[in-house]
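Chemist: Take a look at the following structure, please.
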Amino acid sequence: MDVQREVLRIVDEVLSLGGRAQAFTRQTHLLGAIPELDSMAVVTLITTLEEQLGITIDDDDIDGQTFASVGSLVDFVNGKLGG
Amino acid sequence: METGLHPFFMAADGGRSGQRFCIHHAPVTQPVRGAVLYVHPFAEEMNKSRRMAALASRTLAESGFAVLQIDLLGCGDSSGDFGDATWADWVADVEQGARWLREQHPAAPLTLWGLRAGCLLAAEAAARIGSDVGQLHWQPPASGKALLQQFLRLQMAASLVDGKPSTAAADPRQELAAGRSPQIAGYVLNPALTSGLERTQWPPAVGAGRSVWLETSSRDNAPLLPATQTALTRWQQAGHDVVARVVPGPAFWQTQEIEDAPRLVEATLHAMQELQDEALPA
Numbered sequence: 014m015d016v017q018r019e020v021l022r023i024v025d026e027v028l029s030l031g032g033r034a035q036a037f038t039r040q041t042h043l044l045g046a047i048p049e050l051d052s053m054a055v056v057t058l059i060t061t062l063e064e065q066l067g068i069t070i071d072d073d074d075i076d077g078q079t080f081a082s083v084g085s086l087v088d089f090v091n092g093k094l095g096g
Numbered sequence: 083m084e085t086g087l088h089p090f091f092m093a094a095d096g097g098r099s100g101q102r103f104c105i106h107h108a109p110v111t112q113p114v115r116g117a118v119l120y121v122h123p124f125a126e127e128m129n130k131s132r133r134m135a136a137l138a139s140r141t142l143a144e145s146g147f148a149v150l151q152i153d154l155l156g157c158g159d160s161s162g163d164f165g166d167a168t169w170a171d172w173v174a175d176v177e178q179g180a181r182w183l184r185e186q187h188p189a190a191p192l193t194l195w196g197l198r199a200g201c202l203l204a205a206e207a208a209a210r211i212g213s214d215v216g217q218l219h220w221q222p223p224a225s226g227k228a229l230l231q232q233f234l235r236l237q238m239a240a241s242l243v244d245g246k247p248s249t250a251a252a253d254p255r256q257e258l259a260a261g262r263s264p265q266i267a268g269y270v271l272n273p274a275l276t277s278g279l280e281r282t283q284w285p286p287a288v289g290a291g292r293s294v295w296l297e298t299s300s301r302d303n304a305p306l307l308p309a310t311q312t313a314l315t316r317w318q319q320a321g322h323d324v325v326a327r328v329v330p331g332p333a334f335w336q337t338q339e340i341e342d343a344p345r346l347v348e349a350t351l352h353a354m355q356e357l358q359d360e361a362l363p364a
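These protein sequence lines are chains V and R, in that order. Everything in the first sequence is counted per the numbering used here, starting at 14 for the first residue and increasing by one. Everything in the second sequence is counted per the numbering used here, starting at 83 for the first residue and increasing by one.
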């Protein structure tokens, strides 16, 4: 599985970006840089990642750094996938 | 009967429990093919899904189904505050909506149609009403507990977005356990609501009729979500007659913008035809 591609697909869907996320790179900033990423979107993103990628995320695993950039989020998901 | 869309207030529990805002979509064709009660999801998801609920209700009415949308106690335009509502209140509202539809359309097979938390309420009410009640579930949750956990995460997420430590606010689980009502994302949670939500039997007691589950996915040819597949297997093992399908479409109850899932509306109409055929005498 191309984890970055799956993560960006989910980010695009949850934030209703209409395909804009496809142009994101590891360096793209998320939290604080994308206005659509509010608290409700963060929760939806966590839940959708869990549901669609079959991972379990504990609230204690998450901090501001997790959603700082595409790279940090992909690394976090990779860690959860054990890859 | 007059066709079209009729908003009205229903006196709850004979007026002892205020009023519930309802919209009756009268069937455009006669005779009425079936009666459908829509049970909305929890908190903000209700607002996000208003448009899809209206679209599907209208489509069903145009195909000869009567649809009732009811705002539960403390939700939408109904009486009471969100923090007043208990799980038992909401189940009672669903049962009352079902009774109203039965009185209006006594010959029509009845289906309870839920979205997310609304599925849990619809299933609980359907099991109480009886074997001739069909169920249509849009995006049924893995469990009431999972749904509550997701909602309580909003507090943690708000602290992330604000850049403040999450220790600033009391743990909502501890607040609820102590019988207090924490406020999450503007919603005051009654401990008697969350305890009921967490304890919901899922699968419910066997007794209601056939169920159709519909799930949306942004992926092509996606299988059911693993958690949904697990829940489905539990229902089937408990003896429920249930089928589940995935249709392409956005997760409109939680997407940032209000989105449409036209394929879900089509699948809903198809599912209602199946459920109604099932309900007809052999």
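Backbone N, C-alpha and C define an ideal beta-carbon position, used for all residues, glycine too. A quick note: this is a predicted structure, and the numbers were derived from the prediction, not measured.
Which residues in chain V have a C-beta closer than 9 Å to the C-beta of PRO333 of chain R? List them in chain order.
Modeler: For this step, residue 333 of chain R is matched to residue 251 along the second sequence. The question names Pro, but residue 333 of chain R is Ala in the sequence shown. The contacting residues are GLU26, VAL27, THR57 and THR61.
Chemist: Might you give, ordered along the chain, the residues of its own chain that have their beta carbon closer than 7 Å to the beta carbon of PRO285 of chain R, omitting 5 neighbours on each side?
Modeler: Numbered from its first residue, the second sequence carries residue 285 of chain R at position 203. Cβ within range, chain order: ARG316, TRP317, ALA320 and HIS322.
Chemist: Thinking C-alpha only, which one of R:ASN272, R:SER293, R:LEU307 and R:MET134 is nearest LEU155 of chain R?
Modeler: To locate residue 155 of chain R, count along the second sequence from 1; it is residue 73. Selected option, being the one with the closest Cα: R:ASN272.
Chemist: I'd like to know whether the C-beta atoms of GLY291 of chain R and GLN186 of chain R end up nearer to each other than 9 Å.
Modeler: The sequence position of residue 291 of chain R within the second sequence is 209, counting from 1. The sequence position of residue 186 of chain R within the second sequence is 104, counting from 1. For GLY291 of chain R and GLN186 of chain R, no; Cβs fall outside 9 Å.
Chemist: I want to see whether chain V comes within less than 9 Å of ARG235 of chain R, judged by CB atoms only; does it?
Modeler: Residue mapping note: residue 235 of chain R aligns to position 153 of the second sequence, counting from 1. Yes, because at least one Cβ of chain V sits closer than 9 Å to the Cβ of ARG235 of chain R.
Chemist: Note down the Cα distance separating VAL83 of chain V from ILE47 of chain V, rounded to an integer number of angstroms.
Modeler: Your numbering for residue 83 of chain V matches position 70 in the first sequence. Your numbering for residue 47 of chain V matches position 34 in the first sequence. Cα to Cα, VAL83 of chain V sits roughly 11 Å from ILE47 of chain V.
Chemist: List the residues of chain V whose Cβ lies closer than 8 Å to the Cβ of GLU341 of chain R, in chain order.
Modeler: As a first step, residue 341 of chain R must be located in the second sequence, where it is residue number 259. Under the 8 Å cutoff, chain V gives SER29.
Chemist: Please name the residues in the segment 115-147 of chain R whose beta-carbon is closer than 7 Å to at least one beta-carbon of chain V, in chain order.
Modeler: Residues GLU126.
Chemist: Is there contact between the segment 102-120 of chain R and the segment 195-205 of chain R, where contact requires at least three CB pairs shorter than 8 Å?
Modeler: Flag = yes, the segment 102-120 of chain R and the segment 195-205 of chain R touch.
Chemist: What residues in its chain sit with their C-beta under 6 Å from that of GLY146 of chain R, if we drop five residues either side in the sequence?
Modeler: Here residue 146 of chain R corresponds to residue number 64 of the second sequence, with the count starting at 1. Hits under 6 Å: PRO109, THR111 and ARG115.
Chemist: Quick check on GLY32 of chain V - is its C-beta less than 9 Å from some C-beta in chain R?
Modeler: The count along the first sequence starts at 1 and reaches residue 32 of chain V at position 19. Cβ-Cβ to chain R under 9 Å: no for GLY32 of chain V.
Chemist: Looking at C-beta atoms only, is the number of pairs between the segment 26-36 of chain V and the segment 330-339 of chain R that lie closer than 8 Å three or more?
Modeler: Counting Cβ pairs under 8 Å, three or more are found: they touch.
Chemist: Pick helix, strand or coil for ILE152 of chain R, following the three-state DSSP scheme.
Modeler: For the purposes of this step, residue 152 of chain R is identified with residue 70 of the second sequence, where counting begins at 1. DSSP places ILE152 of chain R in strand when its eight states are reduced to three.
Chemist: Ordered along the chain, which non-local residues of its own chain (more than five positions away) have a Cβ less than 7 Å from that of LEU183 of chain R?
Modeler: The residue labelled residue 183 of chain R in the question sits at position 101 within the second sequence. Counting only Cβ-Cβ distances below 7 Å, and skipping sequence neighbours, we find ALA117, LEU119, ALA148, LEU150 and LEU192.
Chemist: At the 9 Å Cβ level, is ARG301 of chain R part of the contact set with chain V, yes or no?
Modeler: The residue labelled residue 301 of chain R in the question sits at position 219 within the second sequence. So, interface residue.
Chemist: Kindly indicate the opening and closing residues of the alpha helix (DSSP H) around GLU206 of chain R.
Modeler: Indexing the second sequence from 1 puts residue 206 of chain R at position 124. Where GLU206 of chain R is concerned, the enclosing alpha helix (DSSP H) stretches over 199-211.
Chemist: Considering only residues of the same chain and omitting the five flanking positions on each side of TYR269 of chain R, which have a CB-CB separation below 6 Å?
Modeler: Taking the second sequence and counting its residues from 1, the one referred to as residue 269 of chain R is at position 187. Taken in chain order, the residues that qualify are ALA125 and PHE164.
Chemist: Going along chain R in order, which residues have a C-beta closer than 9 Å to the C-beta of ASP72 of chain V?
Modeler: By 1-based counting over the first sequence, the position of residue 72 of chain V is 59. Within 9 Å Cβ-Cβ: GLN231, LEU234, ARG235, MET238 and SER248.
Chemist: Considering only C-alpha positions, which residue in the set R:LEU236, R:ALA180 and R:GLY226 is nearest to ARG210 of chain R?
Modeler: Residue mapping note: residue 210 of chain R aligns to position 128 of the second sequence, counting from 1. Nearest C-alpha to ARG210 of chain R: R:ALA180.
Chemist: Hey, which unbroken runs of the beta strand (DSSP E) at 3 residues or more fall wholly within the segment 209-273 of chain R?
Modeler: Listed in chain order, they are 215-220.
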